Amino acid sequence: MSFPSRDELIDFIYDEARMLDEGRFTEWLDLWMPEGVYWMPLDYKQTDPDLVTSLLHEDQFMLRLRVERLNGARTFSQKPKSRCHHVIQRPFVDEMDPGANRYVTNTNMHYVETRLDDQFLLAITATHDLTVVDGKIRIAGKRVDLLNSDAAFGNIQLLP
């Protein structure tokens, strides 16, 4: 793959959501670039992840710790394990720049997470900054904006 088509980028987003829904977190982690950052801003339309508090701002090290915790047999706060479901709208491909090896998608979705008797729904927009390495699409960055980011809600255990 010299550069991905629009459909391949869209399929990648669907595949990522399915991995998360099926709890294939280690496989999901392999989609990331080593310098990739997963960011969930605290404020609506937040522009700075470093000078303003975020709900989540994790580099590769923190993502690996999260995945180890989710996969761990001794993670007692995850007995039984949380489960999630992404209901995604067809992603928009906002940028295709093969010369810069940069592709940006924007996806609106509903994210449902459940554990025991608790279930909650989040309306989110995910922006993926993608690149191609050795013919494979990889995540250089992911930003997840919550529609109601200013509301109080419980812990998000998994990865929207």
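Residue numbers (numbering that gives the first Met the number 0): 0 to 159.
Here a beta-carbon is modelled for each residue, glycine too, at the ideal position from N, C-alpha and C.
Computed from a predicted model, the values in this text were never measured in an experiment.
Per-residue burial, residue i [other beta carbons within 10 Å of its own, 16 or more giving buried]
{"i": "R5", "result": "exposed"}
{"i": "S148", "result": "buried"}
{"i": "Y43", "result": "exposed"}
{"i": "E21", "result": "exposed"}
{"i": "R183", "result": "Outside the shown range of the chain (0 to 159) lies residue 183, about which nothing can therefore be said."}
{"i": "E67", "result": "exposed"}
{"i": "L50", "result": "exposed"}
{"i": "L64", "result": "exposed"}
Start and end residues, alpha helix (DSSP H) containing residue i
{"i": "I12", "result": "R5 to D20"}
{"i": "L28", "result": "F24 to L28"}
N-terminal and C-terminal residue of the beta strand (DSSP E) that residue i is part of
{"i": "R68", "result": "Where R68 is concerned, there is no enclosing beta strand (DSSP E), although the alpha helix (DSSP H) it sits in stretches over Q59 to N70."}
{"i": "N105", "result": "R101 to R114"}
{"i": "A150", "result": "Run containing A150: none; DSSP gives neither H nor E here."}
{"i": "F119", "result": "D117 to V132"}
{"i": "K141", "result": "K135 to L145"}
{"i": "I87", "result": "R82 to I87"}
{"i": "Y37", "result": "W31 to P40"}
{"i": "V92", "result": "F91 to D96"}
Residue from the options with nearest C-alpha to residue i
{"i": "T124", "options": "L50, A151, V103 and D49", "result": "V103"}
{"i": "L69", "options": "W38, D58, Y13 and R82", "result": "R82"}
{"i": "H127", "options": "W31, E26 and R23", "result": "W31"}
{"i": "H109", "options": "P97, D116, M95 and H84", "result": "H84"}
{"i": "L145", "options": "K135, I136 and P159", "result": "P159"}
{"i": "K78", "options": "L64, T113, E57 and M95", "result": "T113"}
{"i": "L62", "options": "Q88, S76 and D29", "result": "D29"}
Same chain, Cβ closer than 6 Å to residue i, five either side skipped, listed in chain order
{"i": "I12", "result": "P90, T104 and T106"}
{"i": "Q156", "result": "S81"}
{"i": "R142", "result": "W38 and T126"}
{"i": "F2", "result": "P97"}
{"i": "I136", "result": "P3, F11 and L129"}
{"i": "T52", "result": "L41"}
Integer Cβ distance of residue i from residue j, believed to fall under 8 Å
{"i": "V86", "j": "L8", "result": "Their Cβ separation, rounded to whole angstroms, is 19 Å, which puts V86 and L8 out of contact at 8 Å."}
{"i": "I138", "j": "G35", "result": "5 Å"}
{"i": "R101", "j": "T74", "result": "Rounded, the Cβ-Cβ distance is 36 Å, inconsistent with contact."}
Proximal residues to residue i (C-beta, below 8 Å), its chain only, five neighbours per side dropped
{"i": "P48", "result": "V36, W38, P40 and H56"}
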